[in-house]
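Numbering (full-length UniProt numbering), first residue to last: 1 to 305.
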């Protein structure tokens, strides 16, 4: 008995079998349409990533990776797709250097945050016509000395009020911790400063030199006092004396013009006085030698007899 599938409805024509397309003229039967004439079984050129005709998505030839061109070397394609460790290291190094530079720049910017200028420092600088750049430096170094701020400010004002003040030198002294105020000078040194009315430069030099000679400071100050007693310009003479003291470790003699004990003139006079005595001593020694020779001769003659 015929099945339902074999039933043919009236008026319906039987479905014709699909016909095989004929090959174009000049081609070999069985060749794929679009192939190069005369090349049996050749395939038309394909773009990269195209699938072969007749392959559905997800299907591939054995040993072929998805998206590969037919005939491509799988090992070469795999090596190209693998991550490059050298490139990764280079990228990591570039990224690390960039981050380090960014952090350094950020730190510099944070350190450049300007400290507000104290109103007293601003007023002082305006009073003596100090430019903004030096005003900021002065403010910065004084802010680092909060315990002596008021005393430092008064001393700076006093020095700026004198002839030829050098604000740069004062800032350097404040920064190095060598700034001298009258409150931190030793009483013995202060006595010399007040007695001879030493200027700030000579006072600063005296304090610096005596700090290096604490064991002999008392003797040094006494010798300095003697040398400055008759000086017309004690500050200038003191600078010369301290230069020699720092260089040789000994306080130079006072200039000849002062005629003081220990001066060049006094030393010469002392030497002149000592010369006759030395001559007399030399003559006495010569006489004694002559006597000794005569005695030795007389003794030798007596032995011969």
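Note that the Cβ used here is the ideal one computed from N, Cα and C, for glycine as well.
All values reported here derive from a predicted model rather than from experimental measurement.
I need the DSSP call for residue i, collapsed to helix, strand or coil.
i	result
residue 202	helix
residue 191	helix
residue 102	helix
residue 223	helix
residue 121	helix
residue 35	Caution is warranted here: a pLDDT of 47 is assigned to residue 35, below 50, making its placement in the model unreliable, and the coordinate value is therefore given only provisionally. Three-state DSSP puts residue 35 in coil, outside helix and strand.
residue 137	helix
residue 286	helix
residue 230	coil
residue 292	helix
residue 179	coil
residue 249	coil
residue 208	helix
residue 41	Bear in mind that a pLDDT of 48 at residue 41, under 50, signals an unreliable position, so the number given afterwards is only what the model happens to contain. Three-state result, residue 41: coil.
residue 236	helix
residue 129	coil
Are the Cβ atoms of residue i and residue j separated by less than 8 Å?
i	j	result
residue 159	residue 200	yes
residue 218	residue 188	yes
residue 207	residue 185	yes
residue 242	residue 205	yes
residue 198	residue 235	yes
residue 193	residue 178	no
residue 172	residue 155	no
My assumption, with CB atoms under 8 Å, is that residue i sits in contact with residue j. Please give the rounded CB distance.
i	j	result
residue 141	residue 175	5 Å
residue 255	residue 244	The pair is not a contact, with the Cβ atoms about 12 Å apart (cut-off 8 Å).
Exercise for the section: Answer yes if the stretch 116–133 comes into contact with the stretch 147–166, meaning at least three C-beta pairs across the two stretches below 8 Å, and no otherwise. Expected result: yes
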